[in-house]
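Single-structure report; data block below.
2 protein chains.
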Amino acid sequence: MTTAPYEIRPIGHVESSITGREAAPKQGFEGAPDAWLVLDADVAEGIRDLAAGDEVFVLTWLHRARRDVLAVHPRDDPRNPETGVFSTRSQDRPNPIGLHRVRVAAVEGRRVRVRDLEAFDGTPIVDVKPVIAGGR
Amino acid sequence: MTTAPYEIRPIGHVESSITGREAAPKQGFEGAPDAWLVLDADVAEGIRDLAAGDEVFVLTWLHRARRDVLAVHPRDDPRNPETGVFSTRSQDRPNPIGLHRVRVAAVEGRRVRVRDLEAFDGTPIVDVKPVIAGGR
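Residue numbers (the working numbering), protein chains in the order written: chain A, 535 to 670; chain B, 535 to 670.
This is the structure we're talking about:
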């Protein structure tokens, strides 16, 4: 099936104390620090109803990823058997979109403080969505 | 912050009996029919470890969406107060990526049958990720 490519335009970026690939925890719940979502001014209206306590999915663009990889050793550990990328959360995948479930700690203008976000400082944000019933 | 646009290259498409905007259920759990994820041949290796029973997030590109919308009446119901899009699951949003949590019913080659996928027939698929602990 022939489908056109589509263009992602970042809506903001992450501010985080995680700056190097080695320092990033493999999953947020293993202890990522608090971080900020900094929305671009032209889309900031879209977060006007976000509030402390909300649970959201943050979608990011993993701009350091390799896109030509279809199988990986999960968690970059060679002892884990090579696994198809769509059964892993590897950042290396054809469309390197990160999916992060986080809780909003505070909203200050177009800055949103969130808990347990596993993302490098400067990571582009592509979307924010509420978590709905059943964690969907 | 200046960030380049990024290019999404679909990895496949949805086959579904949902063909019109009006017919689409607003959330999968309200009763979407089974559907198929049809992976493109060049990325099919990435699903080699998917199996019946797996719970996955499917990310789609909502190619009929409007991208210039920052507030909507949730569920297209004018009785619902206008809400910033990042607090809704509206398909109209700056980067119209759909997020669908579904269960794999069967894998047949590069076709994956899934339960409760709310997506139009022909919707481009951009990623598939396992659901991990805590529904993340």
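All residues carry an ideal CB built from backbone N, CA and C; glycine is no exception.
Contact of B:I581 with chain A by beta-carbon distance below 8 Å involves G618, F620, S621.
Around B:I542, the beta-carbon contacts reaching into chain A at under 7 Å are P539, Y540, I542, N629. Neighbours of B:P664 in chain A, taken as residues at a C-beta separation under 9 Å, are given in chain order as F620, S621, T622, R623. The secondary-structure analysis by DSSP pairs A:H634 across a beta bridge with A:V592. For the C-beta of B:I552, not a single chain A residue is nearer than 7 Å; the gap to the nearest is close to 17 Å. When the Cα atoms are used, B:D611 and B:A605 turn out to be separated by approximately 13 Å. For B:V660, a Cβ of chain A is located within less than 8 Å of the residue's own Cβ.
Residue-level contact by beta carbon fails for A:V641 and chain B, as no gap is shorter than 8 Å. Straight across, the Cα-Cα distance linking A:L596 with B:E589 is about 23 Å. Residues of the stretch 579 to 606 of chain A with a Cβ closer than 7 Å to any Cβ of chain B, in chain order: E579, G580, I581, R582, D583, L584, F591, L593, W595, L604, A605. Going by DSSP, B:P567 is part of no beta strand (DSSP E) at all; its letter is neither H nor E.
Secondary structure of B:G546 (DSSP, three-state): strand. Judged by beta-carbon spacing, A:R637 lies within the 8 Å limit of A:V648, meaning their Cβ atoms are closer than that value. Looking only at B:P664, B:R635, B:R670, B:V665, the smallest Cα-Cα distance to B:A569 is reached by B:R635. Within 10 angstroms of the beta-carbon of A:P628 lie 16 or more other beta-carbons, which makes it buried.
Buried is the label assigned to B:D650, since at least 16 other Cβ atoms lie within 10 Å of its Cβ. A straight-line Cα-Cα distance of about 19 Å links B:V646 and B:R543.
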